[in-house]
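Keeping their order, the protein sequence lines are chains H and D.
Its first residue numbered 13, the first sequence is counted upward by one per residue in our numbering.
Its first residue numbered 4, the second sequence is counted upward by one per residue in our numbering.
Note sheet for the following structure.
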Amino acid sequence: MCGIVGLFCKSPELEPRLGEYLSAMLVQMNDRGPDSAGVAVYRNPAPPGLTKLTLYSADEEYDWSPLEPEEVRAKHAVVLAEDEARLRNERPELRVMSAGRVIEIYKEVGLPRAFAEEFRLSDFAGSHGLGHTRMATESRVTTAGSHPFSTGRDLCLVHNGSLSNHNRLRRELEREGMEFQTENDTEVAAAYLTWRLREGASLEHALEGCLEDLDGFYTFLVGTADGFAVLRDPIACKPAVLAETDDWVAMASEWRAIAVLPGASDAEMWEPEPSVVYAWEKALV
Amino acid sequence: MAIATAEIVDLATTSLRELNQRLHGADGGRWQIVNPNGAHAVACGLDGPHEVEILGHVGYYCAGMNQRATVRVRGNVGTGVAENIMSGTVIVEGNASQSAGATGRGGLLVVHGDAAARCGISMKGVDIVVRGSIGHMSAFMAQRGCLVVCGDAGDALGDSIYEAHVYVRGEVGGFGADCVEKELRDHHLVELRSLLERAGCSDLDPLEFRRYGSARQLYNFRIDNAGAY
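This is the structure:
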């Protein structure tokens, strides 16, 4: 199963309430993914020269203060770093959940409803965000195995489905220098996208490559600095609904997650076609 | 003539289970359901002369296993509307998600908008009329009944189809294994005209449709195909 939600604010008036709506959408998908939950939100650009990192510590009592975090939510903290590599070296006990200029990723095991409360999702203002509720099939229920998965700077991936060739693909990607933290299939898809983008592919081409190189079921939602993209496999077993009004674009596994948005009943609504990449960017809408 | 007033059930304040239990406990009657907000399994498993009107969009398996009742949705429906319908009528005024009318054994399903992938998959006697277009892999292993599409059909139409009748007015994106165009004979036109009338599409001329069905090449094992298994 698993549930996916995404919300993109076309109207700036909506941005202060991004978290409130994203949270409501995520909670609607509680039953589709009771194992873990996560969100990526795009907001508060880092000043030039600094990288925004979302860091995770397994230690609940971790002392974040030396890092002067912008934000601490549960076991996550947002830090602006001058030298990302040095911070990674000096703090090997921390896991980097996301890196970039605008992205922040928060994810944790447990019920999505509890996650939304614990991480105070309603607080977030931002331009767009996406979320995931997981019903685990391929690998263990852990924080690292939760979605979204970072796929590079300001990029992330959430997935509903299961891949069948992820073990072989993981070995191939390891030979290309990609590193993996879990046995999870989605992490392989994320690494595949990261690798394709690193090799110079556009996001659209990288996603189209999935149609050739990934075997299995998937509805993907990819977050970028400027928007998000959606792709379904050629069979399109896994559900996806898209809806758009003058104020927002929303994607979800089911309509009930979109129904919580203002003006939803009058939104234009459709299901994405199989094997077609759909993308929205700030510059285009 | 006295018109019975509908019993109104608000899903914002009534649980889905309570709604369905009340419907199951009633011997028919007129019902109006408001604020469905994409809920699943609304008006599932009815067996009686109910007339149910749903105002808004619903989720999965709406009016599944329907017998005798008439269910009208003034909105869109999710996966598997009227799944395994036995009899009665289900009308969707908006669009339907995938697997509309799947495995249906009887009755009529009408979708005024489009239906997505796998419409009429494994249908076994239900009649389905879609005013718009249908998605890929529709009528997969369709055994009996009619699928009428006033718009276009997606790729892999009628893969491994048995004896269901498929009528499409627009383009067909592609055929599945063993599905071919067949002659539109007089008794097909009668059947099609009747279905269009029952679905409120009598403005369309049956002669604008083409008929598709089984080439019956998969019915028996052929030794020539042994290498394919």
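Note that CB positions come from ideal geometry on N, CA and C, so glycine has one too.
Residue nearest to residue i in terms of C-alpha spacing, selected from the options
i                : options                                : result
Tyr230 (chain H) : H:Ala86, H:Ala279, H:Glu220, H:Val261  : H:Glu220
Arg77 (chain D)  : D:Gly28, D:Asn38, D:Met68              : D:Asn38
Asp30 (chain D)  : D:Val55, D:Tyr165, D:Leu111, D:Gly216  : D:Val55
Ile137 (chain D) : H:Leu26, H:Phe240, H:Glu283            : H:Glu283
Glu72 (chain H)  : H:Val234, H:Ala97, H:Leu106            : H:Leu106
Met41 (chain H)  : H:Glu94, H:Phe161, H:Cys14             : H:Cys14
Gln146 (chain D) : D:Met126, D:Gln35, D:Gln70, D:His115   : D:Met126
Ala42 (chain D)  : D:Ala103, D:Leu22, D:Cys204, D:Gly28   : D:Leu22
Gly107 (chain D) : D:Arg121, D:Asn98, D:Val193            : D:Arg121
His27 (chain D)  : D:Ala9, D:Leu49, D:Arg20               : D:Leu49
Ser35 (chain H)  : H:Glu80, H:Glu129, H:Tyr68             : H:Glu129
Glu211 (chain H) : H:Val200, H:Ala201, H:Phe232, H:Glu188 : H:Glu188
Ala70 (chain H)  : H:Pro251, H:Met190, H:Arg103, H:Asp258 : H:Arg103
Cys149 (chain D) : D:His139, D:Leu160, D:Glu166           : D:Glu166
Glu96 (chain D)  : D:Val133, D:Met68, D:Ile11             : D:Val133
Pro160 (chain H) : H:Leu233, H:Phe192, H:Val90            : H:Leu233
Leu112 (chain D) : D:Ile57, D:Val12, D:Arg201             : D:Arg201
Leu226 (chain H) : H:Arg165, H:Trp292, H:Leu99, H:Asn179  : H:Asn179
Val171 (chain H) : H:Ile270, H:Gly235, H:Arg165, H:Gly275 : Rather than Val, the amino acid found at residue 171 (chain H) in this sequence is His. The shortest Cα separation from His171 (chain H) among H:Ile270, H:Gly235, H:Arg165, H:Gly275 belongs to H:Gly235.
Ala276 (chain H) : H:Ala213, H:Thr163, H:Val253, H:Leu79  : H:Val253
Residue i and residue j closer than 8 Å at C-beta
i                : j                : result
Arg173 (chain D) : Asp162 (chain D) : The sequence shown places Gly at residue 173 (chain D), not Arg. In this structure, Asp162 (chain D) does not lie closer than 8 Å to Gly173 (chain D) by Cβ.
Ile131 (chain D) : Gly109 (chain D) : no
Gly239 (chain H) : Ser176 (chain H) : no
Pro57 (chain H)  : Val114 (chain H) : yes
Thr198 (chain H) : Ala156 (chain H) : no
Gly157 (chain D) : Ser141 (chain D) : yes
Ala262 (chain H) : Leu19 (chain H)  : yes
Gly246 (chain D) : Cys153 (chain D) : As displayed, chain D neither begins before 4 nor continues past 232, which places residue 246 (chain D) out of reach and without an answer.
Ala52 (chain H)  : Cys168 (chain H) : yes
Ala15 (chain D)  : Ala46 (chain D)  : no
Gly91 (chain D)  : Gln70 (chain D)  : yes
Arg132 (chain H) : Arg85 (chain H)  : yes
Pro28 (chain H)  : Ala137 (chain H) : yes
Gly116 (chain D) : Asn98 (chain D)  : yes
Glu150 (chain H) : Asn196 (chain H) : yes
His88 (chain H)  : Tyr74 (chain H)  : no
Pro124 (chain H) : Gly61 (chain H)  : no
Ala237 (chain H) : Tyr118 (chain H) : no
Leu209 (chain H) : Ala201 (chain H) : no
Nearest-angstrom beta carbon gap, residue j and residue i [assumed within contact, 8 Å]
i                : j                : result
Glu184 (chain D) : Arg219 (chain D) : Contact flag wrong, Cβ pair sits at about 14 Å.
Asn153 (chain H) : Asp245 (chain H) : Inspection of the sequence shows that residue 153 (chain H) is occupied by Val rather than by Asn. So it is not a contact: roughly 24 Å between Cβ atoms.
Leu223 (chain H) : Ser287 (chain H) : 6 Å
Val169 (chain D) : Gly216 (chain D) : 6 Å
Gly143 (chain H) : Ala49 (chain H)  : 7 Å
Glu120 (chain H) : Phe127 (chain H) : 6 Å
Glu83 (chain H)  : Leu92 (chain H)  : Not really, about 10 Å apart at Cβ, beyond 8 Å.
Asp258 (chain H) : Leu26 (chain H)  : Actually they do not touch by this definition, with Cβ atoms about 10 Å apart.
Ala9 (chain D)   : Arg33 (chain D)  : 4 Å
Terminal residues of the alpha helix (DSSP H) in which residue i lies
i                : result
Ser197 (chain D) : 189–201
Val200 (chain H) : 197–210
Arg182 (chain H) : 178–187
Glu220 (chain H) : 215–225
Trp267 (chain H) : 267–270
Val39 (chain H)  : 30–40
Phe127 (chain H) : 124–130
Residues near residue i in its chain [Cβ-Cβ closer than 6 Å; skip 5 each side]
i                : result
Val297 (chain H) : Because Val297 (chain H) sits at a pLDDT of 48, beneath the cut-off of 50, its placement in the model cannot be relied upon, and the following sentence gives the value as read from the coordinates. Excluding positions up to five away in sequence, the list reads Lys22.
Gly81 (chain D)  : Gly62, Tyr63, Ser100
Tyr290 (chain H) : Val242, Pro284
Gly59 (chain D)  : Pro39, Gly78
Ser134 (chain H) : Gly31, Glu32, Ser35
First and last residue of the uninterrupted beta strand (DSSP E) at residue i
i                : result
Phe229 (chain H) : 228–235
Gly157 (chain H) : Run containing Gly157 (chain H): none; DSSP gives neither H nor E here.
Asn98 (chain D)  : That residue, Asn98 (chain D), is in no beta strand (DSSP E); it is neither H nor E in DSSP.
Val133 (chain D) : 130–133
Asn38 (chain D)  : No beta strand (DSSP E) contains Asn38 (chain D), which DSSP labels as neither H nor E.
Ala97 (chain H)  : No beta strand (DSSP E) holds Ala97 (chain H); the alpha helix (DSSP H) holding it covers 96–102.
Gly173 (chain H) : 167–175
Arg20 (chain D)  : Here Arg20 (chain D) belongs to no beta strand (DSSP E); instead the alpha helix (DSSP H) covers 19–28.
Tyr215 (chain D) : 213–217
Tyr290 (chain H) : 290–293
Lys22 (chain H)  : That residue, Lys22 (chain H), is in no beta strand (DSSP E); it is neither H nor E in DSSP.
Lys64 (chain H)  : 63–68
Lys119 (chain H) : 115–121
Residues of its chain near residue i, where Cβ-Cβ distance is below 7 Å and the 5 sequence neighbours each way are ignored
i                : result
Leu195 (chain D) : Val151, Tyr170, Pro209, Phe212
Glu96 (chain H)  : Thr63, Leu65, Ala111
Asp181 (chain D) : Ser163, Ile164, Ser217, Ala218, Gln220, Leu221
Same chain, Cβ closer than 8 Å to residue i, five either side skipped, listed in chain order
i                : result
Val272 (chain H) : Tyr33, Ala36, Met37, Gln40
Glu186 (chain D) : Arg214
key: Interfacial residues, the stretch 276–287 of chain H to chain C, with Cβ spacing under 9 Å   = The structure shown contains no chain C; the protein chains it does contain are H and D.
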